[in-house]
Amino acid sequence: MAGKESSGLKRYQTKRDFSRSPEPSGLDNADILPSEHRRFVVHKHDATRLHYDLRLEVDGVFQSWAVTRGPSLDPGEKRLAVEVEEHPLAYGDFEGTIPKGEYGGGTVMIWDRGFWAPQTDEPIAKSLDEGELKFALAGNKLRGSWVLVCMKPKAVDAKHNWLLIKHKDQWATPGRDTILKQDKSVASGRTLLGIAKGKEPLPTTFLTTGMTVAARAQWTSANTQRSKRARQPQKQIEFPKMTHPERVLWPDCGFSKTDLANYLVSAAPWMMEHLAGRPCSLLRAPEGIDGEIFFQRHAGAGLPDSLTKITVSDDKQSYLQIDDAQTLVDLAQYSAIEFHPWNCAPFELDTAGRLVFDLDPDADVDFNLVLDASRKLRDRLEELGLVTFCKTTGGKGLHVVTPLTIEGGVGFEQAKLFSQTLAAQMADEEPHLYLTSMSKHRRKGRIFIDYLRNDRKATAVAPLSPRARPGALVSMPLNWSQVRKGLNPSRFTIKTALNLLEKSNAWADYHKSRRPLDAAIGKLLEDA
1 MAGKESSGLK RYQTKRDFSR SPEPSGLDNA DILPSEHRRF VVHKHDATRL HYDLRLEVDG
61 VFQSWAVTRG PSLDPGEKRL AVEVEEHPLA YGDFEGTIPK GEYGGGTVMI WDRGFWAPQT
121 DEPIAKSLDE GELKFALAGN KLRGSWVLVC MKPKAVDAKH NWLLIKHKDQ WATPGRDTIL
181 KQDKSVASGR TLLGIAKGKE PLPTTFLTTG MTVAARAQWT SANTQRSKRA RQPQKQIEFP
241 KMTHPERVLW PDCGFSKTDL ANYLVSAAPW MMEHLAGRPC SLLRAPEGID GEIFFQRHAG
301 AGLPDSLTKI TVSDDKQSYL QIDDAQTLVD LAQYSAIEFH PWNCAPFELD TAGRLVFDLD
361 PDADVDFNLV LDASRKLRDR LEELGLVTFC KTTGGKGLHV VTPLTIEGGV GFEQAKLFSQ
421 TLAAQMADEE PHLYLTSMSK HRRKGRIFID YLRNDRKATA VAPLSPRARP GALVSMPLNW
481 SQVRKGLNPS RFTIKTALNL LEKSNAWADY HKSRRPLDAA IGKLLEDA
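Residue numbers (the working numbering): 1 to 528.
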């Protein structure tokens, strides 16, 4: 990555004298850790003219635009964004003063930062070449859906002028915009004047330590490759402030709130891929799993302020959403043991982002029959052009999951009907093994194929989420090669799961495997 970055930064490097400017040269990128998610930074830059620099991570560098009047949350505002030279990834941690007389002389603040994702499945380079990039931001200040639209250049060698426009969504503020009044650094809490005077504290790093916390951490695009290294504990995710850290949550194995927090610190970067941008219900056990347990889906007093509150059109109460890794970790203080997100596409509440089939066996059913059922369901889905993944539920069942594209995406009514049809086919062909009814009485000796997880407000336990059950088991991602006789779900606990995942690298290509559901529906109808 270092060589790739350096070779694309000649314009950046020739404009600067690094013996005088404190800016990173980009010559050595060894300290930049791989990321689960594409990062973005917005710098507030008090140069000849005050402006804001939007930087999106693309292929090992920051593609950059100078937004002259700053970003706006008002969809009616079109802000000029002048394309400038690519910047090194290390620039994401730069905050300070460039000496007067040097290129870009003036004070630079890290005004916002986080993660971003393209809202199309075509290559980012193609979108940029065609002059329209739709994307979503998950930062400390900027969130939701945006578009960059290129204006026709006046001359061949002229800088490309773009327009930065906010899309209408729950983060938009039509007719009013106060976002630029938030004038402190998200990295240090300093103002431009404080940075210019060299006041403490210095900014916390984001890129060079692999900090996936701010992130209002987000989705991995179809083009992003995950790495084993990126799933290791991230240095900047802080252990939460806790009361009664010694309180035992799992009495059978003696695991405490501290054990839960330690697990979430390590698991958070991986889990955020499947949580961010989706309303999420919490299962809390303040006195441990043998005490009172309750399910919480709506916002209420006594939870971290950093939880996103989501307004759903047909509900007066706000839903909870976990949009950054630190918030996930902080929930250990509140004894939040289980995490159950919606199955929508990130930040797209009405679009199915994945299908989840919950194979829930009667207590007397041999687990090998559940394994067989998962493979049969996999084969049916793959015959329709979808890619499937499997995970344990942390109980006696399995989940078969298929990721879906946003392009060609469908609503939950169609997703539910599709999954119901597949489940019914299996139940009709082998009624002695499967059923699609929730009835406990009728389930005797059979496996309930629960397709109801694919309704709009339905949830499914997140990959790697702990369970409020004896043994401190987790919902464990699996390779299909593991889904065979001898699989023992009780192996996967908050003490063992991450090491085992490191070895298996399960679900490594999950986000590259998204497929359009509308095409699968078409094939299903053809075969009917």
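Glycine included, C-beta positions come from ideal geometry on N, C-alpha and C.
>> Please classify glycine 411 as buried or exposed, where buried requires at least 16 neighbouring CB atoms within 10 angstroms.
In response: exposed
> Expressed to the nearest angstrom, what Euclidean distance is found between the alpha-carbon atoms of histidine 399 and threonine 308?
Replying inline: 27 Å
> Considering histidine 274, what are the terminal residues of the alpha helix (DSSP H) in which it resides?
Replying inline: 257-275
> Among Trp480, Ile337, Gly385 and Leu355, which residue has its Cα nearest to the Cα of arginine 467?
Replying inline: Ile337
> Does the beta-carbon distance from tyrosine 91 to proline 24 come in below 8 Å?
Replying inline: yes
> When the Cα atoms are used, what is the spatial distance from phenylalanine 529 to glutamine 317?
Replying inline: Because the chain spans 1 through 528 in this model, residue 529 falls outside it and cannot be assessed.
> When you compare each of Ala415, Thr393, Val401 and Leu377 to glutamine 425 by their alpha carbons, which one comes out closest?
Replying inline: Leu377
>> Report the CB separation of leucine 249 from lysine 257 in whole angstroms; it is logged as a contact under 8 Å.
In response: 6 Å
> Contact check, phenylalanine 40 vs leucine 137 under 8 Å by CB: the rounded distance?
Replying inline: 6 Å
> At which residues does the alpha helix (DSSP H) containing arginine 375 begin and terminate?
Replying inline: 367-383
> Can you give the Cα-Cα distance for proline 118 and methionine 271, rounded to whole angstroms?
Replying inline: 20 Å
> What does a CB cutoff of less than 6 Å around threonine 436 pick up in its chain, not counting 5 residues either side in sequence?
Replying inline: Ala423, Ala424, Ala427 and Ile449
> Considering only the beta carbon of each residue, do histidine 43 and isoleucine 98 sit closer than 8 Å?
Replying inline: no
> Across which residues does DSSP place tryptophan 507 in a beta bridge pair?
Replying inline: Bridge partners of tryptophan 507: none, in fact.
>> What would DSSP say about arginine 514, mapped onto helix, strand or coil?
In response: coil
>> To test your reading of the DSSP string, which unbroken beta strand (DSSP E) runs of 3 or more residues are found completely within the region 61-148?
In response: 61-67, 78-88, 96-98, 106-118 and 132-139
>> Helix, strand or coil, according to DSSP, for leucine 56 in the structure here?
In response: strand
>> With distance defined between alpha-carbon atoms, name the residue in Gln420, Gln482 and Ala497 nearest to leucine 524.
In response: Gln420
>> For alanine 352 and glycine 409, which I take to be in contact (beta-carbon distance under 8 Å), what is that distance rounded to the nearest angstrom?
In response: 7 Å
>> Runs of 4 residues minimum, wholly inside the region 427-496: which ones carry the alpha helix (DSSP H) assignment?
In response: none
> Can you round the beta-carbon distance between glycine 104 and alanine 47 to whole angstroms, since I take them to be within the 8 Å contact cut?
Replying inline: 5 Å
>> Between methionine 242 and glutamine 326, how many whole angstroms is the CB-CB distance? I'm expecting something under 8 Å.
In response: That belief does not hold up - the Cβ atoms of methionine 242 and glutamine 326 are roughly 14 Å apart, past 8 Å.
> So is glycine 445 buried or exposed if we call it buried at 16+ other beta carbons inside 10 Å?
Replying inline: exposed
> DSSP on alanine 352, reduced to helix/strand/coil?
Replying inline: strand
> Between the C-alpha atoms of serine 145 and glycine 277, what's the straight-line distance to the nearest angstrom?
Replying inline: 11 Å
> Quick one, are the C-beta atoms of glutamate 85 and lysine 15 less than 8 Å apart?
Replying inline: yes
> What residues in its chain sit with their C-beta under 8 Å from that of leucine 192, if we drop five residues either side in the sequence?
Replying inline: Lys44, Asp46, Thr107, Met109 and Asp183
> Between isoleucine 310 and glutamine 170, which are expected to be in contact by the criterion C-beta below 8 Å, what is the C-beta distance as a whole number of angstroms?
Replying inline: 7 Å
>> Considering Cα atoms alone, identify which of Arg69, Asp252, Pro123 and Glu122 is closest to tryptophan 162.
In response: Arg69
> Do the region 386-406 and the region 498-505 touch if we need at least three Cβ pairs shorter than 8 Å?
Replying inline: no
> Expressed to the nearest angstrom, what Euclidean distance is found between the alpha-carbon atoms of threonine 402 and leucine 478?
Replying inline: 13 Å
>> Going by DSSP in three states, leucine 303 sits in which element: helix, strand or coil?
In response: coil
>> Less than 8 Å between the beta carbons of threonine 464 and alanine 458, yes or no?
In response: A small fix is needed here, since residue 464 is leucine in this sequence, not threonine. Taking 8 Å as the Cβ cut-off, leucine 464 and alanine 458 do not qualify as a contacting pair.
> What residues are listed by DSSP as bridge partners for arginine 284?
Replying inline: Phe294 and Ala336
>> Just list the residues that DSSP pairs phenylalanine 389 with in beta bridges.
In response: Val401
> Apart from the five residues on each side of it in sequence, which residues of its chain come closer than 6 Å, Cβ to Cβ, to serine 335?
Replying inline: Arg284, Ala285 and Pro286
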